[in-house]
Structures are given as structure tokens and as C-alpha cells.
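Have a look at the structure below, then the notes.
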Amino acid sequence: MVRETAPRTVPTTAPDTAVTLCGIEMTNPVMAASGTFGYGREFADLYDIDLLGSFSFKGTTPKPRFGNETPRIAECTEGMLNSVGLQNPGVDAVISEELPALAEVFHKPVMANVCGGCPEDYAEVTEKLEIADAQNEAQRRPQIGWIEVNISCPNVKSGGMVFGTDPKAAASVIRAVRQKTKKPVIAKLSPNVTDITEIGRACEAAGADGLTAINTLLGMRIDLKSRRPVLANTMGGFSGPAVFPVALRAVYQLCRTVDIPVIGCGGIASAENVLEMMMAGAAAVQVGSANLVDPYACKGIIEELPRVMKQYGIKALQELTAQAQVR
Ligand SMILES: Cc1cc2nc3c(=O)[nH]c(=O)nc-3n(C[C@H](O)[C@H](O)[C@H](O)COP(=O)(O)O)c2cc1C
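In case it helps, the numbering used here puts the sequence shown at residues 17 to 343.
Structural data, given as C-alpha cells:
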């Protein structure tokens, strides 16, 4: 149990929520996590998504994917299981349809989540996004800020988590992506390993500029009446508030092992959770399942952040992360 202590000082000026992630400035550290925010459009109908620090769009593969059979969502205590299986329209449709539509409603750099069944798939998606964005850049500013490499999806038969649970395989994907882009490359790590720092170090050595920790934990439920797994895919990824301590531990361990920034992800549902992640060393955070429970979750967290920072005597979020990293 984390003990809550009284704030040491109460700042008089407005708290500074700005952070920098791999050289890109963000007005606040809160991003929506991949797979829980689509390509942004749906949420833009609900609120002004420019108030987000950023968001990571749905895991994108070379060809369209229809995902796994249903049922592919199961509710659990303080969380959920999903086996969506990277349903997405494929990189070409993302470039021709999703990104132009997003440009109308989101005016900050977005994080591109890339996935595939082999390193060449990841390289292909990255290269296509890089070329399309270079054309964008000529017209206005680049639309894609970072490439997030999903080497941790538990819901696909080939690729995904297979890469994120072996240091050599993780490094091979990061190297393939690194060759295709000048943008910061962020490796998204799986918690389904004995030592997450081993994978983090391998990604850093292969050229990753940052890490996201964590993707979902491999889980399962059984229906008592049918005596069959609830998910058609038998197993799925567990996420939501219950995984927060696991994610926080992973971020804490990684921040003490690597010299690149770590994005904290897993179970974040409040401004207090954001501060806790940043005290563990996170440079920014991602909010996932909370968006599926309440589509206004990110908005609420961002609006709460200055008040909670004041409550705990925090003047600037950047200082919080810097202090955590040298401790
Ligand atoms: C329905 C669903 C779909 C997801 N799809 C992706 C994805 O396409 N790519 C990815 O890197 N992570 C994906 N994730 C993982 C989340 O981005 C996040 O890492 C994980 O859910 C933990 O955060 P949370 O507890 O806040 O949800 C998905 C999660 C959920 C619940």
C-alpha cells in the first residue's frame, strides 16, 4: 500500500503539465493507448481531442485484418480480457483514409502503432507511413510523431508477443523498423516475461529511442455452464485497473536499467495514477481500457491533473520524472 503523505509545499502558480517525449513537446503526458482509441475520429465526435498529449492509433499491419472470432471480450474483476487480434484496415487504408480524416480533428503528432507477423511486415508498415508523412510534411507539419512497435500483442498466432518475449527476436524487429524511419522508435513491451529489463535493454541496443510498458497480461476465463473458455480464442490479454501495480513495477525496473524514456501504460484510470507512474520514472503515460469504460476518461484525467499536482505540491511534471530517474 502506498502511504499518502501531506504535501510539502503548495505552489501558487499553475502547475506545469508539459513534458517532452523523445524531443517532441507535449502539453501534457496523457496519451490514449493503442487499440482503445481507434484512429481518433470516433472520439473527436465526443470532445476536442487536441486536449490530449497525444494518442497511439490502432495496431496497423501491411494488409487488412478482420481479427479473431467472437466472443473476444470478457469482463473480469477490475479489468477486462480481450482477444480482438489486431483488427485494422491495413496500412494503405490508414494512409489514404484514416490519417487525412484525423488531420481535420487532431493537430498534434500522433503515435503510429505498427505490427506484423515478421520483421519485414513491421518494416513495410513503417516505410509506407514514413513516405506518406514526408509528403505531408511538405504541405504542413509531420502528422506522425513516433513509431510504436507492438512486439507484445498476445492475440495473434504469428508475431506479436512472440517477438516481445525473446531479446534477440525483439532486437531484430526494432532493427528492421529503425532502418526505415528517422522518427523516434518506441518498443512496446510485454509483461509476459520473467525479466522485462532484459527485453528493454535488447531494444535499446537495437536502436529504440523509448519503451512503452506494458501491453496486456495473458489471461483466460471459463464459462461454468458450458465448461468452455469464455473467449473463442481461449486466451486473451488482461488489462484495466487490476494490472496497474504490475505496470508500475515494470516501469520502475526499466527506468533503472535503460537510458531511454519509458511510457507508463497499464491500468491508469486517474490523475493520481499518472503521478504515481511518473514518480516511478515514466516520461509520459498511456490510458487504455479506461477509454472503453468511459469514453471521456482521458479528458477527465487531463482536467484533474493540475488540481492533483497542486494537492501533492508538484510544480512541474518534467521534474518529477527527472528526479525519479536519478534516484
Ligand atoms: C481492446 C484492446 C485492444 C488493444 N489493441 C492494441 C493494439 O492494437 N496495439 C497495442 O500495442 N496494444 C493494444 N492494446 C493494449 C493497450 O494499448 C494497453 O497496452 C493495455 O490494454 C494496458 O493498458 P490498460 O490497462 O490501460 O488498458 C489493446 C488493448 C485492448 C483492451
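We treat Cβ as the ideally placed atom computed from N, Cα and C, and that holds for glycine. Because the structure is a prediction, the values reported are computed rather than measured.
Within 7 Å of the C-beta of GLY132 there is not a single heavy atom belonging to ligand 1. If you keep only unbroken beta strand (DSSP E) runs of at least 3 residues inside the stretch 203-258, you get 226-229, 233-236, 251-255.
With a threshold of 7 Å, the Cβ atom of ILE230 counts as near ligand 1, since some heavy atom of the ligand is closer than that. Between the alpha carbons of ALA299 and THR250 lies a distance of about 35 Å. Ligand 1 never approaches CYS219 closely enough for any of its heavy atoms to be under 7 Å from the residue's Cβ. Counting along the chain, GLU292 sits inside the alpha helix (DSSP H) bounded by residues 287-295. Shown here, ASP108 sits in a helix according to DSSP, grouped into three states. Following the DSSP letters along the chain, one finds ILE167 in no beta strand (DSSP E), marked with neither H nor E.
When the beta-carbon positions are compared, VAL46 and ILE317 come within less than 8 Å of each other. Only exposed fits ASP61, as fewer than 16 other CB atoms lie within 10 angstroms of its CB. By DSSP's assignment, MET177 forms no beta bridge with any residue.
Assigned with DSSP and collapsed to three states, VAL100 falls in coil, not helix or strand. In the structure shown, the three-state DSSP call for PHE260 is helix. Sequence-distant Cβ neighbours of TYR268 in its own chain, meaning closer than 7 Å and more than five residues away, are ALA296, GLY297.
Separation of the CB atoms of ILE212 and ALA266 is rounded to 5 Å, and the pair is thereby assigned contact status at 8 Å.
A straight-line Cα-Cα distance of about 13 Å links LEU308 and ALA90.
Remark: the shortest separation between the CB of CYS92 and any heavy atom of ligand 1 does not fall under 7 Å. A distance below 6 Å between beta-carbons, with the five flanking residues on each side excluded, links ALA224 to the following residues of its chain, in chain order: ILE190, VAL201, ALA203.
Leaving aside the five residues that flank ALA30 on each side, the residues in its chain whose CB is nearer than 7 Å to its CB run, in chain order, PRO322.
Between the stretch 63-70 and the stretch 128-146, the count of C-beta pairs closer than 8 Å stays below three; the two stretches do not touch.
For GLY316, the uninterrupted alpha helix (DSSP H) run begins and ends at 313-327, by DSSP. THR52 is positioned such that its CB atom lies no closer than 8 Å to that of ASN44.
Following the DSSP letters along the chain, one finds ASN129 inside the beta strand (DSSP E) bounded by residues 126-130. Looking at VAL301, ARG244, ALA186, the one whose alpha-carbon comes closest to that of PRO277 is VAL301.
Measuring C-alpha to C-alpha distances from THR273 to each of ASN208, ARG88, GLU220 identifies GLU220 as the nearest. Exclusion of the five residues before and after GLU320 leaves SER286, ALA287 as the residues of its chain whose Cβ lies within less than 8 Å of its Cβ.
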